[in-house]
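*Asks:* Numbering (this note's numbering), first residue to last: 2 to 350.
Don't be surprised by glycine CBs; every beta carbon is placed ideally from N, CA and C.
In this text, all values refer to a predicted model and were calculated from it rather than measured experimentally.
Below is one structure. I have some questions about it.
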């Protein structure tokens with residue numbers, strides 16, 4: 002247990018810095034920074050190394066959180082928080098009664114988070130403040146605590162969706178918040194999977210495509226279809242596969258048709274995942290063409306298993322005969338059924 006997590010049960014004891022940070026949904030370093038830079042520390046000081054925060058101290062920090070969430074620069078928000086200025090009122094939520102207008106219904110972030118996990122509030126606050134240090138710490142903690150699948154499904158994705166809804170309803174006012182959050186999520190996904198040790202490639206099988214010598218036919222290829230730039234869902238799938246030892250090649254956003262076909266021919270993957278966020282980018286002919294590709298010697302020809310990933314493949318864009326996993330866990334299960342994990346292998350980007 003760190004000093005910040007120490008609990009003082011003695012008379013006059015208050016909350017520790019760690020407890021305050023958890024209550025506010027910010028990193029302890031953020032609380033210390035606000036104390037050091039803006040004078041928002043405890044009014045009373047106790048002996049020893051441990052800082053103690055009273056309800057009045059915490060209320061001041063809550064005002065700071067609420068004010069920065071409106072877009073105020075931290076220095077100005079701190080001045081108003083010290084003066085006791087309340088945050089501006091948010092528009093009431095639909096529904097009868099005075100409770101609908103309380104900021105708490107939006108978790109004091111201005112974002113509609115509904116019944117999402119409490120960690121979403123911390124991520125939303127850090128993103129709205131454009132607080133890189135806090136955001137990186139919170140993302141790393143939620144992935145470490147819950148694992149990639151749960152962290153993505155129950156914390157990261159609901160927060161991204163809430164920020165996206167805020168952007169859509171506010172014009173371009175919050176576009177920087179969505180970009181900032183997406184960038185840091187991408188970085189957290191890359192950091193959470195350790196680099197794989199080098200493995201001596203096996204000789205390619207007769208008739209196998211060039212570049213497929215390291216476990217021929219046992220690779221997953223992931224790419225966004227042409228015109229599709231939403232890469233985060235594929236990035237989390239890449240990280241989760243790599244974590245399980247499934248060799249994966251990730252090609253990112255808007256891979257042109259010729260490049261996609263060339264990559265499949267060169268690597269001879271056992272499975273191909275094609276991401277389409279929108280129905281306007283999903284292409285049934287492209288998915289069918291990739292699924293029909295073959296390689297290998299006569300009598301032992303192979304074809305990739307093609308998964309259509311993302312909401313763009315729903316409805317009329319669904320490809321008969323090709324699986325469309327509804328979520329991350331289902332996509333992982335489908336790909337691991339085709340390409341079993343090998344702890345010696347890692348991600349290839």
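In terms of alpha-carbon separation, which member of 136, 18, 341 and 121 lies closest to residue 246?
*Replies:* Residue 246 has its Cα closest to that of 341, out of 136, 18, 341 and 121.
*Asks:* Name the DSSP beta bridge partners of residue 303, please?
*Replies:* Bridge partners of residue 303: 296.
*Asks:* Do the stretch 53 to 63 and the stretch 116 to 135 make contact, defined as three or more Cβ pairs closer than 8 Å?
*Replies:* no
*Asks:* Would you tell me roughly how many angstroms separate the C-alpha atoms of residue 16 and residue 53, rounded to the nearest one?
*Replies:* 5 Å
*Asks:* Would DSSP call residue 280 helix, strand or coil?
*Replies:* coil
*Asks:* Under a three-way DSSP split, which group does residue 240 fall into?
*Replies:* helix
*Asks:* Closer than 6 Å by C-beta to residue 314: which residues in its own chain qualify, once you throw out the five before and the five after it? Chain order, please.
*Replies:* Within the same chain, residue 314 has close Cβ partners 277, 283 and 325.
*Asks:* When you compare each of 76, 75, 65 and 305 to residue 86 by their alpha carbons, which one comes out closest?
*Replies:* 65
*Asks:* Compute the distance between the beta-carbons of residue 150 and residue 330, then report whether it is under 8 Å.
*Replies:* yes
*Asks:* Between which two residues does the beta strand (DSSP E) harbouring residue 223 extend?
*Replies:* 221 to 225
*Asks:* Please state if the CB of residue 258 and the CB of residue 227 are separated by a distance shorter than 8 Å.
*Replies:* yes
*Asks:* In chain order, what residues of the same chain have a beta carbon less than 8 Å from the beta carbon of residue 253, not counting five sequence neighbours either side?
*Replies:* 224, 225, 232 and 235
*Asks:* Could you tell me the alpha carbon to alpha carbon distance between residue 336 and residue 146, rounded to whole angstroms?
*Replies:* Each residue's Cα considered, the two are about 25 Å apart.
*Asks:* Tell me the rounded alpha-carbon separation between residue 256 and residue 129.
*Replies:* 32 Å
*Asks:* Please classify residue 250: does DSSP put it in a helix, a strand, or coil?
*Replies:* In this structure, residue 250 counts as strand in the three-state DSSP scheme.
*Asks:* I think residue 310 touches residue 274, with their Cβ atoms under 8 Å apart; what is that distance to the nearest whole Å?
*Replies:* 5 Å
*Asks:* Starting from the C-beta of residue 338, find all residues in its chain whose C-beta is less than 7 Å away, skip the five residues before and the five after it, and write them out in chain order.
*Replies:* none
*Asks:* Just to check my reading of the structure: residue 41 and residue 82 have Cβ atoms closer than 8 Å, yes? What is that Cβ distance to the nearest angstrom?
*Replies:* Contact annotation, residue 41 with residue 82: C-beta distance approximately 7 Å; criterion of less than 8 Å satisfied.
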